[in-house]
Every structure is written in C-alpha cells, then in structure tokens.
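First up is the structure itself, then whatever we jot down about it.
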Amino acid sequence: MEHEHGEEYTVYGLSPVGTAELSEMAQAGDAEAMVALGYCYENGIGVEKDASRAFSLYEASAEKGCANGIYNKGICIGFGIGTEKNPAGYFDNIKRAAEMGFAPAQNDLGWCYECGIEHGCIGFRDLNLAFTFYLASASQGHRTGIVNVVRCLREGIGTEKDEGEAEKWESELFHEGDGECGL
0 MEHEHGEEYT
10 VYGLSPVGTA
20 ELSEMAQAGD
30 AEAMVALGYC
40 YENGIGVEKD
50 ASRAFSLYEA
60 SAEKGCANGI
70 YNKGICIGFG
80 IGTEKNPAGY
90 FDNIKRAAEM
100 GFAPAQNDLG
110 WCYECGIEHG
120 CIGFRDLNLA
130 FTFYLASASQ
140 GHRTGIVNVV
150 RCLREGIGTE
160 KDEGEAEKWE
170 SELFHEGDGE
180 CGL
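The opening residue of the sequence shown carries number 0 in numbering that gives the first Met the number 0; numbering runs sequentially from there.
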C-alpha cells in the first residue's frame, strides 16, 4: 500500500504509516515510533538495514522510559545487534522491561531464570521465578509465554504438574474457529 511519504508499514500495532512519517514522529519524541522505526532499520523494512541506527533508536526510546524500547535495547545488547554484546546488559534491560509489565520481556526473563542466566552469569536458577514470569506473560496473552506455562505445568517446572491446567492454557493457543494450535 502506498502512503503519501512512501510505502506504508504497520509495525508494532501502530496505524499504517510510511517510514518518513515514522521518522518525523520519532524526531518529535514519540517513544513507540522510535521503536517502530528501529525495527524498520533492524530488519531493512522500507529503509536500508542499519543495526547501529536501530540500536540508537531503541536506546532513545528506552531513555524515555518506554518498556518496548528498553526490551529491544536489551535484545540488541544480548545479541550484539548494532552494539557490543553484553549479557549483563541484556539481563538488566529485560528485567527492567519485565518489571514494567511488558509481556515479551516477562517471558524472556522467565527463560533467564529457568536457564540460570543472571547478570551474564550461568548458574543462578530459580524455577519458581521462571514460572512466575512465564505466567505473567501468558496472562497478557503472549503466545510464547503461554507455550512456556503449558510446558512448565506438564513438566513440573517451577510449579506442580497439572495436566488439567496445562490443557486450559493450551486452549488459549487455538486460533478462533480454525482449529490450528500455536504449539
């Protein structure tokens, strides 16, 4: 679809806008637009791929206190996208976004606690905390969080095994009317 500023994109649930309009919104201080434009630069959507620019936009959004920006900044730091890889920085940003209630970050923080990754150190595991954060993510409808809750309930990870409860959560993954499961 064509937009007055070029090709139109829907990123992070924003109304379809062109990258030029996203850029204007980001320059005006819109933290979510910064994240959306960062995503465009990270993935080469409507602009030339530029990981450093993506990271800068996520960082600017994070400085405004945007949980989505903090989360994406953490992902970049964790994987070395547009910046130096730093596991401790990854954990700290993911934890901050999770504590703000951002569902994808809650799921990722659950993974950190399940696998034993805290501040870049391997060895610290807290399966109860892992399940708590997976559940917080799942409770907001985050599909990966739901998958992790189902797995934890079936395997007894951080909680008692409960097949009935696992099946209830699993039913959340079925697409309405098409019978396809997200597992």
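The beta-carbon is built from N, C-alpha and C at its ideal position, and this holds for glycine as well. All values derive from a computational prediction rather than experimental measurement.
Starting from the N-terminal side, write out each stretch of the alpha helix (DSSP H) that is 4 residues or longer and does not extend beyond the segment 126–150. 126–138
If you follow the alpha helix (DSSP H) that E162 is part of, which residue opens it and which one closes it? For the purposes of this step, residue 162 is taken as residue 163 along the sequence shown, with counting starting at 1. E162 -> alpha helix (DSSP H) spans E162 to S170.
Neighbourhood of T158 by C-beta distance below 7 Å, restricted to the same chain and skipping five residues each side: Taking the first residue of the sequence shown as position 1, residue 158 is located at position 159. Within the same chain, T158 has close Cβ partners F130, C151 and L152.
Distance between A61 and K94 (C-alpha atoms, nearest Å): Indexing the sequence shown from 1 puts residue 94 at position 95. Indexing the sequence shown from 1 puts residue 61 at position 62. One C-alpha to the other measures close to 13 Å.
For A44, which of helix, strand or coil comes out of DSSP? Stepping through the sequence shown from its first residue, residue 44 is reached at position 45. According to the sequence provided, residue 44 is Ile. The question's Ala does not apply to it. Reduced to three states, the DSSP call for I44 is coil.
To which residues of the same chain is E41 closer than 7 Å at the C-beta, ignoring the five residues directly before and after it? The count along the sequence shown starts at 1 and reaches residue 41 at position 42. Answer for E41: A50, A53 and I80, listed in chain order.
Could I get the ranges of all uninterrupted alpha helix (DSSP H) runs contained in the segment 47–84, with 4 residues as the minimum, in chain order? 50–62 and 66–78
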